[in-house]
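Visitor:
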Amino acid sequence: MSDKSVFVDTNILVYAHDRDAGDKYLAAKSALASLWDRPLPPSISIQVLQEFYVNLLRKRVEGGTAREIVLNYLEWDVVENDRALLLEGMRLRDTLHLSFWDALIVAAARTAGAKELWSEDFNPGQDLEGIVVVNPLK
Numbered sequence: 297m298s299d300k301s302v303f304v305d306t307n308i309l310v311y312a313h314d315r316d317a318g319d320k321y322l323a324a325k326s327a328l329a330s331l332w333d334r335p336l337p338p339s340i341s342i343q344v345l346q347e348f349y350v351n352l353l354r355k356r357v358e359g360g361t362a363r364e365i366v367l368n369y370l371e372w373d374v375v376e377n378d379r380a381l382l383l384e385g386m387r388l389r390d391t392l393h394l395s396f397w398d399a400l401i402v403a404a405a406r407t408a409g410a411k412e413l414w415s416e417d418f419n420p421g422q423d424l425e426g427i428v429v430v431n432p433l434k
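With the numbering used here applied, the sequence shown covers 297 to 434.
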């Protein structure tokens, strides 16, 4: 069991709820299950939850069910969208040469104090100003 704080990106949540994703479904489901037992709650952002909810609806999950799934993740440490996050996202976009949306994910992870960013969208092992990217699907 790790004591490192973890920020979870949208794609990991999506795979954990997509039975058609095969091995990625199994890996994501197992990885997320391990987070519920950690001493530090994992972190996500409002952006992640918004993207996740839209993906559930696209996959034809009924609205009430999708809402209940998202509500479960509100038990985690949730980073709100605010002015400071926007400014940090713009800074990180320029300094790390990321897309703006990816920079907002990194900004939210920094705001949460995360040491790891679980994502499939970045390079595993990449250091993003002190946050290490982990791909729990591999």
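We treat Cβ as the ideally placed atom computed from N, Cα and C, and that holds for glycine.
Predicted model only: the values in this text are computed from it and were never measured.
(1) Under 8 angstroms by Cβ, that's how I've got SER301 and ALA410 pegged, so tell me the actual separation to the nearest angstrom.
(2) Taking the beta strand (DSSP E) that VAL430 belongs to, which residues open and close that run?
(3) For ASP305, which residues in the same chain have their Cβ closer than 7 angstroms to its Cβ, ignoring the five residues on either side in sequence?
(4) Would the segment 371-390 and the segment 336-343 be scored as touching if the rule is three or more Cβ pairs under 8 angstroms?
(5) The beta strand (DSSP E) with ASP373 in it runs from where to where?
(6) Considering only the beta carbon of each residue, do PRO420 and ALA323 sit closer than 8 angstroms?
(7) Tell me where the beta strand (DSSP E) around GLU412 begins and ends.
(8) GLU376 to VAL429, Cα distance in whole Å?
(9) Is VAL304 helix, strand or coil by DSSP?
Guide: Let me lay it out:
(1) Rounded to the nearest angstrom, the Cβ distance from SER301 to ALA410 is 5 angstroms, consistent with a contact under 8 angstroms.
(2) Counting along the chain, the beta strand (DSSP E) containing VAL430 begins and ends at 427-430.
(3) Result list for ASP305: VAL344, ILE401, LEU413, TRP414, SER415 and ASP417, in chain order.
(4) Flag = yes, the segment 371-390 and the segment 336-343 touch.
(5) First-last of the beta strand (DSSP E) with ASP373: 373-375.
(6) With respect to ALA323, PRO420 sits apart: the two C-beta atoms are not nearer than 8 angstroms.
(7) For GLU412, the enclosing beta strand (DSSP E) begins and ends at 412-414.
(8) Taking the straight line from one Cα to the other gives about 21 angstroms.
(9) If DSSP states are grouped into helix, strand and coil, VAL304 belongs with the strands.
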